[in-house]
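Chemist: The structure under discussion is supplied below as C-alpha coordinates; questions concerning it will follow.
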Amino acid sequence: MTEERNIKSEINKDLKGWGSGLIILGIIHFAVIFQPIEVLARAPMRFNYVGVEMCKLCHKGKELGNQCDVWTNTPHSKAFYTLGTPEAKEVSLTADIKYPQQSNKCLRCHSTAYAFTEEKVAEDLQVEDGVQCESCHGPGEEYMYVEVMENKEDAKAMGLVIPTEETCRKCHNPECPTWDPERDPTPEGKRVGFYFPLRWKMIENHKQ
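Residue numbers (the UniProt record's numbering): 1 to 208.
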(Lines of atoms letter the chains of each structure in order from A and count residues from 1; the text may use other names and numbers.)
(Lines give C-alpha, C1' and ligand atoms only; values in the text may rest on other atoms or scores of the structure.)
Protein backbone atom coordinates (compact mmCIF):
# COMPACT_ATOMS: atom_id res chain seq x y z
CA MET A 1 0.00 0.00 0.00
CA THR A 2 2.89 2.34 0.72
CA GLU A 3 4.38 1.42 -2.65
CA GLU A 4 1.10 2.33 -4.33
CA ARG A 5 1.00 5.76 -2.67
CA ASN A 6 4.57 6.43 -3.76
CA ILE A 7 3.73 5.53 -7.34
CA LYS A 8 0.70 7.82 -7.38
CA SER A 9 2.77 10.62 -5.88
CA GLU A 10 5.31 10.30 -8.67
CA ILE A 11 2.63 10.33 -11.33
CA ASN A 12 1.07 13.50 -9.93
CA LYS A 13 4.30 15.52 -10.06
CA ASP A 14 4.50 18.35 -12.55
CA LEU A 15 6.71 16.57 -15.05
CA LYS A 16 7.25 18.10 -18.48
CA GLY A 17 8.98 17.19 -21.72
CA TRP A 18 9.61 13.98 -23.57
CA GLY A 19 11.88 12.58 -20.88
CA SER A 20 9.19 13.20 -18.25
CA GLY A 21 6.67 11.42 -20.43
CA LEU A 22 8.92 8.38 -20.54
CA ILE A 23 9.21 8.46 -16.75
CA ILE A 24 5.44 8.50 -16.38
CA LEU A 25 5.06 5.63 -18.83
CA GLY A 26 7.72 3.70 -16.94
CA ILE A 27 5.96 4.22 -13.62
CA ILE A 28 2.60 3.18 -15.02
CA HIS A 29 4.20 0.10 -16.57
CA PHE A 30 5.79 -0.76 -13.22
CA ALA A 31 2.47 -0.33 -11.41
CA VAL A 32 0.62 -2.56 -13.86
CA ILE A 33 3.21 -5.33 -13.62
CA PHE A 34 3.98 -5.32 -9.91
CA GLN A 35 0.78 -4.23 -8.16
CA PRO A 36 -0.81 -7.49 -6.93
CA ILE A 37 -4.45 -6.41 -7.35
CA GLU A 38 -6.63 -3.48 -8.25
CA VAL A 39 -7.91 -1.13 -5.56
CA LEU A 40 -11.33 -2.04 -4.25
CA ALA A 41 -14.22 0.31 -4.94
CA ARG A 42 -15.69 1.55 -1.68
CA ALA A 43 -18.87 3.41 -0.83
CA PRO A 44 -18.52 7.02 0.35
CA MET A 45 -17.81 7.33 4.07
CA ARG A 46 -19.43 9.75 6.50
CA PHE A 47 -16.98 9.32 9.36
CA ASN A 48 -13.29 8.75 9.95
CA TYR A 49 -11.60 5.78 11.60
CA VAL A 50 -9.72 6.55 14.81
CA GLY A 51 -7.86 3.30 15.52
CA VAL A 52 -8.00 0.71 18.26
CA GLU A 53 -5.78 2.72 20.61
CA MET A 54 -8.55 5.30 20.93
CA CYS A 55 -11.07 2.55 21.70
CA LYS A 56 -8.79 1.25 24.44
CA LEU A 57 -9.03 4.52 26.35
CA CYS A 58 -12.47 3.43 27.58
CA HIS A 59 -12.86 -0.22 26.65
CA LYS A 60 -9.82 -1.66 28.40
CA GLY A 61 -11.11 -1.43 31.96
CA LYS A 62 -12.94 -3.97 34.11
CA GLU A 63 -16.09 -1.85 34.10
CA LEU A 64 -16.67 -2.73 30.45
CA GLY A 65 -15.44 -6.29 30.71
CA ASN A 66 -11.84 -5.70 29.60
CA GLN A 67 -13.15 -5.76 26.06
CA CYS A 68 -9.94 -4.72 24.33
CA ASP A 69 -7.88 -7.22 26.29
CA VAL A 70 -10.26 -9.98 25.29
CA TRP A 71 -10.13 -8.84 21.65
CA THR A 72 -6.32 -8.98 21.78
CA ASN A 73 -6.55 -12.70 22.47
CA THR A 74 -8.91 -13.45 19.59
CA PRO A 75 -8.07 -14.42 15.99
CA HIS A 76 -9.54 -11.09 14.88
CA SER A 77 -6.65 -9.13 16.39
CA LYS A 78 -4.15 -11.42 14.67
CA ALA A 79 -5.92 -11.49 11.30
CA PHE A 80 -3.18 -9.62 9.44
CA TYR A 81 -0.37 -11.77 10.85
CA THR A 82 -2.32 -14.91 9.97
CA LEU A 83 -1.79 -13.98 6.33
CA GLY A 84 1.95 -14.31 6.86
CA THR A 85 1.86 -17.92 8.00
CA PRO A 86 3.01 -20.78 5.74
CA GLU A 87 -0.54 -22.16 5.81
CA ALA A 88 -1.99 -18.88 4.53
CA LYS A 89 0.60 -18.63 1.78
CA GLU A 90 -0.19 -22.16 0.68
CA VAL A 91 -3.92 -21.41 0.55
CA SER A 92 -3.38 -18.10 -1.24
CA LEU A 93 -1.61 -19.83 -4.12
CA THR A 94 -4.83 -21.68 -4.91
CA ALA A 95 -6.39 -18.25 -5.50
CA ASP A 96 -3.42 -17.10 -7.58
CA ILE A 97 -2.26 -14.75 -4.81
CA LYS A 98 1.49 -14.68 -4.21
CA TYR A 99 1.66 -12.25 -1.27
CA PRO A 100 -1.42 -12.49 1.00
CA GLN A 101 -0.34 -9.59 3.24
CA GLN A 102 -0.28 -7.33 0.17
CA SER A 103 -3.42 -8.61 -1.51
CA ASN A 104 -6.61 -6.58 -1.54
CA LYS A 105 -8.57 -9.81 -1.79
CA CYS A 106 -7.16 -10.92 1.57
CA LEU A 107 -6.81 -7.60 3.37
CA ARG A 108 -10.42 -6.64 2.78
CA CYS A 109 -11.29 -9.11 5.56
CA HIS A 110 -7.98 -9.41 7.42
CA SER A 111 -7.60 -5.70 8.25
CA THR A 112 -9.70 -2.63 9.00
CA ALA A 113 -10.72 -0.02 6.42
CA TYR A 114 -8.30 -1.31 3.81
CA ALA A 115 -8.39 0.69 0.54
CA PHE A 116 -10.43 3.58 1.91
CA THR A 117 -9.19 7.01 0.87
CA GLU A 118 -6.43 8.39 3.08
CA GLU A 119 -8.33 11.50 4.10
CA LYS A 120 -10.89 9.26 5.76
CA VAL A 121 -8.42 7.03 7.57
CA ALA A 122 -6.54 8.12 10.67
CA GLU A 123 -2.76 7.94 10.55
CA ASP A 124 -2.72 5.63 13.55
CA LEU A 125 -4.98 3.05 11.89
CA GLN A 126 -2.49 0.26 11.29
CA VAL A 127 -3.08 -2.69 9.00
CA GLU A 128 -1.26 -4.82 11.60
CA ASP A 129 -4.18 -4.27 14.00
CA GLY A 130 -6.14 -6.75 11.95
CA VAL A 131 -9.90 -6.88 12.43
CA GLN A 132 -10.22 -4.32 15.19
CA CYS A 133 -13.23 -2.70 16.86
CA GLU A 134 -14.20 -0.44 13.97
CA SER A 135 -14.33 -3.32 11.50
CA CYS A 136 -17.57 -4.40 13.14
CA HIS A 137 -18.73 -1.25 14.94
CA GLY A 138 -18.05 1.33 12.24
CA PRO A 139 -15.62 4.29 12.19
CA GLY A 140 -15.64 5.97 15.61
CA GLU A 141 -14.82 9.59 14.78
CA GLU A 142 -18.14 10.95 16.09
CA TYR A 143 -19.52 8.28 18.43
CA MET A 144 -16.31 7.74 20.42
CA TYR A 145 -17.14 10.43 22.98
CA VAL A 146 -18.58 9.40 26.35
CA GLU A 147 -21.49 11.82 26.12
CA VAL A 148 -22.49 10.24 22.81
CA MET A 149 -21.97 6.63 23.85
CA GLU A 150 -24.19 7.10 26.90
CA ASN A 151 -27.16 7.08 24.53
CA LYS A 152 -27.16 4.17 22.09
CA GLU A 153 -29.47 5.88 19.60
CA ASP A 154 -27.28 8.98 19.54
CA ALA A 155 -24.22 6.80 19.02
CA LYS A 156 -25.90 4.95 16.14
CA ALA A 157 -26.78 8.26 14.53
CA MET A 158 -23.08 9.14 14.74
CA GLY A 159 -21.96 5.97 13.00
CA LEU A 160 -22.00 3.23 15.65
CA VAL A 161 -22.87 -0.14 14.17
CA ILE A 162 -24.46 -2.83 16.32
CA PRO A 163 -23.14 -6.00 14.67
CA THR A 164 -25.58 -8.61 13.41
CA GLU A 165 -25.17 -11.91 11.62
CA GLU A 166 -25.11 -9.98 8.35
CA THR A 167 -22.08 -8.02 9.61
CA CYS A 168 -20.16 -11.22 10.21
CA ARG A 169 -21.17 -12.81 6.93
CA LYS A 170 -19.54 -10.03 4.95
CA CYS A 171 -16.32 -11.99 5.52
CA HIS A 172 -17.42 -15.34 6.89
CA ASN A 173 -18.91 -16.67 3.67
CA PRO A 174 -18.15 -19.07 0.80
CA GLU A 175 -15.93 -16.48 -0.90
CA CYS A 176 -13.30 -17.17 1.76
CA PRO A 177 -10.71 -19.64 0.39
CA THR A 178 -10.71 -21.55 3.70
CA TRP A 179 -14.50 -21.83 3.82
CA ASP A 180 -15.67 -25.19 5.12
CA PRO A 181 -19.41 -25.75 4.51
CA GLU A 182 -19.50 -28.20 7.42
CA ARG A 183 -17.37 -26.35 9.94
CA ASP A 184 -19.98 -25.50 12.61
CA PRO A 185 -22.53 -27.81 14.26
CA THR A 186 -26.11 -26.68 14.88
CA PRO A 187 -28.45 -27.78 17.71
CA GLU A 188 -30.38 -29.81 15.12
CA GLY A 189 -27.31 -31.90 14.41
CA LYS A 190 -26.55 -30.33 11.05
CA ARG A 191 -23.21 -28.98 9.90
CA VAL A 192 -22.97 -25.51 8.34
CA GLY A 193 -20.16 -23.23 7.25
CA PHE A 194 -20.99 -20.48 9.73
CA TYR A 195 -23.42 -20.83 12.63
CA PHE A 196 -23.88 -17.34 14.04
CA PRO A 197 -25.12 -18.22 17.58
CA LEU A 198 -22.10 -20.45 18.13
CA ARG A 199 -19.60 -17.90 16.84
CA TRP A 200 -21.27 -15.04 18.70
CA LYS A 201 -20.67 -16.80 22.01
CA MET A 202 -16.95 -16.51 21.35
CA ILE A 203 -17.16 -12.71 21.51
CA GLU A 204 -20.24 -12.20 23.69
CA ASN A 205 -18.08 -10.48 26.31
CA HIS A 206 -18.86 -7.29 24.40
CA LYS A 207 -21.54 -5.36 26.23
CA GLN A 208 -24.11 -3.85 23.91
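The C-beta atom is built at its ideal place from N, Cα and C for all residues, glycine as well.
Taking the alpha carbon of K105 as the reference point, which residue from F80, P187, K56 and T186 has its own alpha carbon closest?
Modeler: Position 105 of the sequence shown, counted from the first residue, corresponds to residue 105. K105 has its Cα closest to that of F80, out of F80, P187, K56 and T186.
Chemist: Mapping DSSP to helix, strand and coil, what is D129?
Modeler: Here residue 129 refers to the residue found at position 129 when the sequence shown is read from its first residue. D129 falls in the helix class under three-state DSSP.
Chemist: Helix, strand or coil for P86 per DSSP?
Modeler: For the purposes of this step, residue 86 is identified with residue 86 of the sequence shown, where counting begins at 1. If DSSP states are grouped into helix, strand and coil, P86 belongs with the helices.
Chemist: For L64 and E128, what's the separation of their Cα atoms in angstroms?
Modeler: Here residue 64 corresponds to residue number 64 of the sequence shown, with the count starting at 1. Here residue 128 corresponds to residue number 128 of the sequence shown, with the count starting at 1. Each residue's alpha carbon lies about 24 Å from the other.
Chemist: If we ignore side chains and look at the alpha-carbon of each, how far apart do A113 and S92 end up?
Modeler: Position 113 of the sequence shown holds residue 113. Position 92 of the sequence shown holds residue 92. Their Cα atoms are separated by approximately 21 Å.
Chemist: Does residue 234 pass the burial test, meaning 16 or more other C-beta atoms within 10 Å, or should it be called exposed?
Modeler: This structure does not reach residue 234, given that the chain is present from 1 up to 208, and the question cannot be answered.
Chemist: Kindly give me the distance between the Cβ atoms of T74 and I162, rounded to whole angstroms, as I take these residues to be in contact under 8 Å.
Modeler: Within the sequence shown, residue 74 is the residue found at index 74, counting from 1. Within the sequence shown, residue 162 is the residue found at index 162, counting from 1. With 8 Å as the limit, T74 and I162 do not qualify as a contact, their Cβ atoms being about 19 Å apart.
Chemist: Is the distance from the Cβ of P177 to the Cβ of T94 below 8 Å?
Modeler: Taking the sequence shown and counting its residues from 1, one reaches residue 177 at position 177. Taking the sequence shown and counting its residues from 1, one reaches residue 94 at position 94. Against a cut-off of 8 Å, the Cβ pair of T94 and P177 comes out as a contact.
Chemist: Pull up the distance between the alpha-carbon of K201 and that of Y195, whole angstroms please.
Modeler: One-based indexing of the sequence shown puts residue 201 at position 201. One-based indexing of the sequence shown puts residue 195 at position 195. Looking at the two C-alpha atoms, the distance is approximately 11 Å.
Chemist: What three-state label does DSSP hand D184 in the structure shown?
Modeler: Here residue 184 corresponds to residue number 184 of the sequence shown, with the count starting at 1. If DSSP states are grouped into helix, strand and coil, D184 belongs with the strands.
Chemist: Excluding sequence positions up to five away, which residues of its chain have a Cβ less than 8 Å from the Cβ of R191?
Modeler: Numbered from its first residue, the sequence shown carries residue 191 at position 191. The answer, listed in chain order, is P181, E182, R183, D184 and P185.
Chemist: How would you write the range of the alpha helix (DSSP H) that T72 sits in, first residue to last?
Modeler: Taking the first residue of the sequence shown as position 1, residue 72 is located at position 72. First-last of the alpha helix (DSSP H) with T72: Q67 to T72.
Chemist: Measure the C-alpha to C-alpha separation of L198 and E188 and round it to an integer number of angstroms.
Modeler: As a position in the sequence shown, residue 198 is number 198, starting the count at 1. As a position in the sequence shown, residue 188 is number 188, starting the count at 1. Going from the Cα of L198 to the Cα of E188 covers about 13 Å.
Chemist: Secondary structure at Y195, three-state DSSP: helix, strand or coil?
Modeler: As a first step, residue 195 must be located in the sequence shown, where it is residue number 195. Residue state, collapsed to three classes: coil.
Chemist: Helix, strand or coil: which one does DSSP assign to Y145?
Modeler: What you label residue 145 is simply residue 145 of the sequence shown in a count that begins at 1. In this structure, Y145 counts as coil in the three-state DSSP scheme.
Chemist: Take every Cβ of the stretch 140 to 151, pair it with every Cβ of the stretch 45 to 52, and state whether three or more of those distances are shorter than 8 Å.
Modeler: Result yes; three or more Cβ-Cβ pairs closer than 8 Å.
Chemist: Residue range of the alpha helix (DSSP H) that D154 falls in?
Modeler: In the sequence shown, counting from the first residue as 1, residue 154 sits at position 154. Where D154 is concerned, the enclosing alpha helix (DSSP H) stretches over K152 to A157.
Chemist: Please say whether C136 and T167 have beta carbons closer to each other than 8 Å?
Modeler: Walking along the sequence shown from the start, residue 167 turns up at place 167. Walking along the sequence shown from the start, residue 136 turns up at place 136. Yes; because the gap between Cβ atoms is below 8 Å, this pair is in contact.
Chemist: Any idea what DSSP makes of K62, helix, strand or coil?
Modeler: Residue 62 sits at position 62 when you count from the first residue of the sequence shown. In the structure shown, K62 sits in a helix (DSSP, three-state: H, G or I).
Chemist: Throw me the rounded Cβ distance for the H110 and L83 pair, which I believe falls under 8 Å.
Modeler: Counting from one through the sequence shown, the residue named residue 110 turns up at place 110. Counting from one through the sequence shown, the residue named residue 83 turns up at place 83. The Cβ separation is near 5 Å, so the contact holds.
Chemist: For P100, which three-state DSSP category applies?
Modeler: Here residue 100 refers to the residue found at position 100 of the sequence shown. In the structure shown, P100 sits in a helix (DSSP, three-state: H, G or I).
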